[in-house]
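Last residue of the sequence shown? That's 276 in numbering that gives the first Met the number 0, and every number before it is there in order.
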Amino acid sequence: MCRPPEGAAPIPFFPPAASDRAPIPPPVLGIVAALPVEAQALCIRRPGFGGVVALAPGVLLCVSGVGAEHAARAADRLLAAGAGALLSWGSAGALAPDLRPGRLLLPEWVRGAEEVFDVDPQWRRALWRALDRALDPLGGTLMQSAQVLADAAAKRDLGVRYGAQAVDMESAALAAAARGAGARFLVVRAVADPAAWTLPAAVAGALDARGRVRTARVLRGVVFQPRQWTALLRLARAFAAARATLARVSALAGPRFGLDGLDEPGTDPKEYGGGSG
0 MCRPPEGAAP IPFFPPAASD RAPIPPPVLG IVAALPVEAQ ALCIRRPGFG
50 GVVALAPGVL LCVSGVGAEH AARAADRLLA AGAGALLSWG SAGALAPDLR
100 PGRLLLPEWV RGAEEVFDVD PQWRRALWRA LDRALDPLGG TLMQSAQVLA
150 DAAAKRDLGV RYGAQAVDME SAALAAAARG AGARFLVVRA VADPAAWTLP
200 AAVAGALDAR GRVRTARVLR GVVFQPRQWT ALLRLARAFA AARATLARVS
250 ALAGPRFGLD GLDEPGTDPK EYGGGSG
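Written as structure tokens, this is what we have:
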């Protein structure tokens, strides 16, 4: 390497203008859905558990199973596959009394057992604008629970205690994984069961160790308690409404869910000013 003559003035360095810099490619999007039926709203017919599949260029999906441990494993797989942004996708239980099945949730915050996580404000704003007119999303706080909240009184108490609008079992684990990896994070959830509903006992105890729904156990429980049929059918209709909302989000937002064209994380000078419901 050549050196300037001794005593010569240092050669000035002029950084390239912003217009001359190579554009930073958008990150690979990793989507985590707890259940195959939630993933089907993304137009994938037979999603399997645990594996990483490509939905579109720069878009990966992992069906995790229900619960924080399974979600964290799915996040690790997606991040290892190159994801630079994580999307928590699926259904949620309402904690606020006025939320009906199918209501779209784009929360600003996710509360876990010990801390609260922010979602990416730029990404949320971009997706909100794409969905606001058609789907009237709701903001606020999403709780993560360690178990299925089947009892209406328990849901009401949790909502009042923490000021949360809804609950799921995965989003805080995904938020923690995203923060640890320096990845963007966003939540898209649709309400499946209202706060005033107590879930049928056959559903509340129907998850296996991998977070999968044991259909045979659900049906067996209903056979021995026929009164649960009505509640089970009502829940099925509510879940169908949530799935329909997710399908509309997928159709309106496109496969990248507003992720393209954002500034580098931490460089947006504007506070989020979009609606929060």
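From the three backbone atoms N, C-alpha and C, an ideal C-beta is built for every residue, glycine too.
All values derive from a computational prediction rather than experimental measurement.
Annotation: the continuous alpha helix (DSSP H) that includes Phe238 extends over Gln227 to Ala252. The DSSP-derived three-state label of Trp196 is coil.
Contact between the stretch 65-84 and the stretch 100-109 is not established, with fewer than three Cβ pairs separated by less than 8 Å. Bridge partners of Ala84 according to DSSP: Leu28 and Arg183. Closest by C-alpha distance to Ala80, out of Trp127, Val118, Ile30 and Val147, is Ile30. Between the alpha carbons of Arg110 and Leu141 lies a distance of about 6 Å. Assignment of beta-bridge partners to Ser144 by DSSP yields no partner. Looking at the backbone, the Cα of Phe256 and that of Ala171 are separated by about 20 Å. Per DSSP, Arg124 lies in no beta strand (DSSP E); the unbroken alpha helix (DSSP H) holding it starts and ends at Pro120 to Leu134.
Glu107 sits close to Gly138, with the two beta carbons spaced by under 9 Å. In the structure shown, the three-state DSSP call for Gly158 is helix. By the CB criterion at 9 Å, Leu232 and Ser90 fall outside the cutoff.
A contact is defined here as three or more CB-CB pairs under 8 Å, and the stretch 123-133 fails this definition with respect to the stretch 160-175. Selection Gln143, Pro96 and Ser87 evaluated against Glu113 yields Gln143 as nearest (Cα-Cα).
Here Ala74 is actually not in contact with Leu59; their C-beta atoms are around 11 Å apart, not less than 8 Å. Setting aside the 5 residues that flank it on each side, Asp207 is surrounded in the same chain by Arg213, each with a C-beta closer than 8 Å to its C-beta; the list follows chain order. At the C-beta level, Ala32 and Pro46 come within 9 Å of one another.
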